[in-house]
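If you read the sequences in order, they're chains A and B.
When we follow my numbering, the leftmost residue of the first sequence carries the number 1, and every step to the right adds one.
When we follow my numbering, the leftmost residue of the second sequence carries the number 200, and every step to the right adds one.
Cβ coordinates follow ideal geometry from the N, Cα and C atoms, glycine included.
It should be emphasised that the depicted structure is a prediction, and the values quoted were computed from it without experimental measurement.
A short write-up of the structure that comes next.
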Amino acid sequence: MELFKSLIVILLSSVLVNNYVLSRFLGICPFLGVSKKLGQAVGMGVSVTAVMLLATVATWPIQYFVLEPCNLGYLQTILFILIIAALVQVLELLLKKFSPTLHKGLGVYLPLITTNCAVLGVAINNITDEYGFLESVISSLGCGLGFLLAMVLFSGVRSRIDESEVPKNFRGLAVTLIAASFISLAFMGFSGIVDTIFG
Amino acid sequence: MNEILIALAVVIAVGLLAGIILTLVSRFFAVEEDEKVKEIRSCLPGVNCGACGYKGCDDYASAVAEGKAKPNLCIPGAEDTANALGKILGVETETVESKIAFVHCNGNCTSTSKKAEYAGISSCKAASMLYGGPNACRFGCIGIGDCVNVCPQNAICLKDGIAHINKNLCIGCGLCKDTCPKKIISMIPSSAFVVMMCNSNDKGADARKACKNACIGCKKCEKACSVGAVKVVNQLAVIDYSICVGCGACAEACPTGALKSMLPAVQTVKE
Numbered sequence: 001m002e003l004f005k006s007l008i009v010i011l012l013s014s015v016l017v018n019n020y021v022l023s024r025f026l027g028i029c030p031f032l033g034v035s036k037k038l039g040q041a042v043g044m045g046v047s048v049t050a051v052m053l054l055a056t057v058a059t060w061p062i063q064y065f066v067l068e069p070c071n072l073g074y075l076q077t078i079l080f081i082l083i084i085a086a087l088v089q090v091l092e093l094l095l096k097k098f099s100p101t102l103h104k105g106l107g108v109y110l111p112l113i114t115t116n117c118a119v120l121g122v123a124i125n126n127i128t129d130e131y132g133f134l135e136s137v138i139s140s141l142g143c144g145l146g147f148l149l150a151m152v153l154f155s156g157v158r159s160r161i162d163e164s165e166v167p168k169n170f171r172g173l174a175v176t177l178i179a180a181s182f183i184s185l186a187f188m189g190f191s192g193i194v195d196t197i198f199g
Numbered sequence: 200m201n202e203i204l205i206a207l208a209v210v211i212a213v214g215l216l217a218g219i220i221l222t223l224v225s226r227f228f229a230v231e232e233d234e235k236v237k238e239i240r241s242c243l244p245g246v247n248c249g250a251c252g253y254k255g256c257d258d259y260a261s262a263v264a265e266g267k268a269k270p271n272l273c274i275p276g277a278e279d280t281a282n283a284l285g286k287i288l289g290v291e292t293e294t295v296e297s298k299i300a301f302v303h304c305n306g307n308c309t310s311t312s313k314k315a316e317y318a319g320i321s322s323c324k325a326a327s328m329l330y331g332g333p334n335a336c337r338f339g340c341i342g343i344g345d346c347v348n349v350c351p352q353n354a355i356c357l358k359d360g361i362a363h364i365n366k367n368l369c370i371g372c373g374l375c376k377d378t379c380p381k382k383i384i385s386m387i388p389s390s391a392f393v394v395m396m397c398n399s400n401d402k403g404a405d406a407r408k409a410c411k412n413a414c415i416g417c418k419k420c421e422k423a424c425s426v427g428a429v430k431v432v433n434q435l436a437v438i439d440y441s442i443c444v445g446c447g448a449c450a451e452a453c454p455t456g457a458l459k460s461m462l463p464a465v466q467t468v469k470e
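So this is what it looks like as structure tokens:
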């Protein structure tokens, strides 16, 4: 029960409080780049979630069974990048073979994710937070869902921006960044909420 | 020294492992792509305009390879592409006439007026839903530029309140034609000699009141045409390009300038 509760706390806090995009400012590039349409935003969000999960599953054992025993903690970043990149490539090849429809939907986003800092951030943060394997997986699931949530919310905001008359000086990226900052501000309101519920 | 070697070994081992796995996966799970599709795709212009009726060049290429589509549907690529595709498939192709989009409106800010000031969502479609748009002429170009946004070639610009299509940049995909809520854009042969610059079906007096450049349906062009290519239908002159010989007589006869000679070559001949 205690374990279950702590997992729920990790999940909720990584979705809302420590939202990767809106609170930690990681993975901003796809957040601004592919949030124009809801369909694309969902595609990107789902792909990132899947890759985050896989990356955690792959990197956690590497950290604790290879790097720690050999005292090679400083190789963490470079090895994780290598592993995540290879993983995404394998995932893409497998998708292409076994699910062409899914590949058509997500295919464009997968290579973009390879170098997404949010994915690497999840893998490294799981280590620095000293999570166990199960906790790491739940945390990365939460981070992925948080990313998806941010993408969906922001695509809604952007479609409203598209329809409205924006002052000339703010058109384009400027108004997008301002809108993003407001959503980020809204997410600041979640800080402390999880501790209060379960504390 | 030892530490460096261990680190090096670990990185190399992981890199090799990843490489080997990738190679194996790509070998065993390779998707066989049709060589023909690749070859056809390389002949297509790759603008993904959708004029052929398929989702993009990739989609069209696979449809052609499977024999579902004719090889002459690519409008941007025109004859060259059709011939190249025909060669790959080993069939004779029918020629494609290259077409361009044309805005049938000349109601610029000096010739027509507005009946209302529109300040809603910035889109022609939305504006046209509100009492048929802000223009005095209910057939004319609204000039907010839905067509500009949809054009893959940036061939359309807004000038004096109406859309203009640069015929040198236009690839004839027809996206603007489908987007325009007023349906004032149509596809004309790129070799068209004379163009109709109005879309108003209003009676002469009403059309003239709304816009100085409107076609008033006077039928002077009909009489001037020696081959019978111009017909006035619904108060609007319509040119049949399959008959038109490009003499320019109708444009000369037009009292409002709604019919216009297109080619500079024709004008020099006149001189």
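Where does residue i land, buried or exposed, given buried means 16+ other C-beta within 10 angstroms?
| i | result |
| --- | --- |
| Pro61 of chain A | exposed |
| Asn334 of chain B | buried |
| Arg226 of chain B | exposed |
| Ser310 of chain B | buried |
| Pro30 of chain A | buried |
| Cys453 of chain B | buried |
| Thr59 of chain A | buried |
| Gly27 of chain A | buried |
| Ala212 of chain B | exposed |
| Met188 of chain A | exposed |
| Tyr64 of chain A | exposed |
| Cys379 of chain B | buried |
| Ile113 of chain A | buried |
| Val468 of chain B | Any answer about Val468 of chain B is weak, because its pLDDT of 42 lies below 50 and its placement is not dependable; what the coordinates show is given next. Per the 10 Å Cβ criterion, exposed. |
| Pro270 of chain B | buried |
| Ala340 of chain B | It should be pointed out that residue 340 of chain B corresponds to Cys in this sequence rather than to Ala. That one is buried. |
| Met44 of chain A | buried |
Could you list which residues in chain A have their beta carbon closer than 8 Å to that of residue i, in chain order?
| i | result |
| --- | --- |
| Ala362 of chain B | Those do not exist, as Ala362 of chain B stays about 20 Å from chain A at its closest Cβ, beyond 8 Å. |
| Ile205 of chain B | Cys70, Leu72 |
Determine the extent of the beta strand (DSSP E) in which residue i is found, giving its start and end residues.
| i | result |
| --- | --- |
| Ala362 of chain B | 361–364 |
| Ala436 of chain B | 435–438 |
| Ala325 of chain B | Where Ala325 of chain B is concerned, there is no enclosing beta strand (DSSP E), although the alpha helix (DSSP H) it sits in stretches over 323–328. |
| Ala300 of chain B | 298–302 |
| Val431 of chain B | 429–432 |
| Lys459 of chain B | 458–460 |
| Val394 of chain B | 393–395 |
| Cys356 of chain B | 355–358 |
| Pro270 of chain B | Looking at the DSSP string, Pro270 of chain B is not in any beta strand (DSSP E), and its letter there is neither H nor E. |
| Ile287 of chain B | Looking at the DSSP string, Ile287 of chain B is not in any beta strand (DSSP E); the run it does join, the alpha helix (DSSP H), is 277–288. |
| Ile384 of chain B | 384–388 |
Along chain A, in chain order, which residues have C-beta atoms closer than 7 Å to that of residue i?
| i | result |
| --- | --- |
| Leu221 of chain B | Ala86, Gln89, Val90 |
| Val209 of chain B | Val66, Cys70, Leu72, Leu75 |
| Ile320 of chain B | Glu163 |
Starting from residue i and walking both ways along the alpha helix (DSSP H), at which residues does that stretch end?
| i | result |
| --- | --- |
| Pro200 of chain A | The question about residue 200 of chain A has no answer, for chain A in this structure spans 1 to 199. |
| Ser310 of chain B | Neither: Ser310 of chain B is in no alpha helix (DSSP H) and is coded neither H nor E. |
| Ser225 of chain B | 201–227 |
| Pro111 of chain A | 109–113 |
| Ser159 of chain A | 133–163 |
| Ser241 of chain B | 234–242 |
| Ile8 of chain A | 2–12 |
| Ser181 of chain A | 173–188 |
| Ile83 of chain A | 76–98 |
| Ser261 of chain B | 256–264 |
| Ala452 of chain B | 448–452 |
Please return the same chain residues whose Cβ sits closer than 7 Å to the Cβ of residue i, not counting the five positions on each side in sequence.
| i | result |
| --- | --- |
| Thr101 of chain A | none |
| Ala283 of chain B | Cys242 |
| Asn400 of chain B | Phe338, Asn433, Gln434, Leu435 |
| Met461 of chain B | Ala391, Phe392, Val393, Val394 |
| Val465 of chain B | Because Val465 of chain B carries a pLDDT of 41, less than 50, the predicted location of this residue cannot be relied on, and the following value inherits that uncertainty. If we look at Val465 of chain B and ignore the five residues flanking it on each side, its Cβ neighbours are Phe392, Gly445, Gly447. |
| Cys308 of chain B | Asp359, Gly360 |
Between residue i and chain E, is the shortest Cβ-Cβ distance under 8 Å, so that the two count as touching?
| i | result |
| --- | --- |
| Gly214 of chain B | Structure shown: chain E not included; protein chains present are A and B. |
With hydrogens ignored, establish whether the beta-carbon of residue i is closer than 7 Å to any heavy atom of the ligand ZN.
| i | result |
| --- | --- |
| Pro388 of chain B | With respect to the ligand ZN, the structure offers nothing, as it holds no ligand at all. |
Taking residue i as the query, report the chain B residues whose CB atoms sit under 8 Å from its CB, ordered along the chain.
| i | result |
| --- | --- |
| Ile78 of chain A | Val210 |
| Leu102 of chain A | Result: empty, since nearest Cβ-Cβ is about 13 Å, beyond 8 Å. |
| Lys96 of chain A | Phe228, Val230 |
I'd like the list of long-range same chain contacts for residue i, defined as Cβ closer than 8 Å, with 5 residues on each side in sequence excluded.
| i | result |
| --- | --- |
| Pro275 of chain B | Pro244, Val246, Cys248, Ala250, Ile370, Gly371, Cys372 |
| His363 of chain B | Val302, Ile355, Cys356, Leu357 |
| Leu53 of chain A | Val137, Ser140, Leu141, Gly144 |
Got a sec? Which residues, its chain only, sit under 6 Å from residue i by beta carbon, not counting five neighbours each side?
| i | result |
| --- | --- |
| Lys411 of chain B | Ser310 |
List the residues of chain A whose Cβ lies closer than 9 Å to the Cβ of residue i, in chain order.
| i | result |
| --- | --- |
| Ala217 of chain B | Leu82, Ile83, Ala85, Ala86, Leu87, Gln89, Val90 |
| Ser261 of chain B | Going along chain A, no residue has its Cβ under 9 Å from Ser261 of chain B, so there is no contact; the nearest lies around 12 Å. |
Could you tell me which chain B residues have their CB closer than 9 Å to the CB of residue i, listed as they occur along the chain?
| i | result |
| --- | --- |
| Lys36 of chain A | Simply none; closest approach about 13 Å. |
So residue i contacts chain B; which residues on that side make the cut at Cβ distance below 7 Å?
| i | result |
| --- | --- |
| Leu93 of chain A | Val224, Ser225, Phe228 |
Item to check | the segment 133–152 of chain A / the segment 254–265 of chain B touching (three or more Cβ pairs under 8 Å) | outcome: no
Next on the checklist: Pairs of beta-carbons, one from the segment 348–359 of chain B and one from the segment 390–410 of chain B, closer than 8 Å: are there three or more?
Outcome noted: no
Checklist entry - Can we say the segment 438–454 of chain B touches the segment 422–430 of chain B, given the rule of at least three CB pairs closer than 8 Å? => result yes
Checklist entry - Given 8 Å as the limit, is there contact between the segment 202–219 of chain B and the segment 36–55 of chain A, that is, 3 or more CB pairs closer than that? => result no
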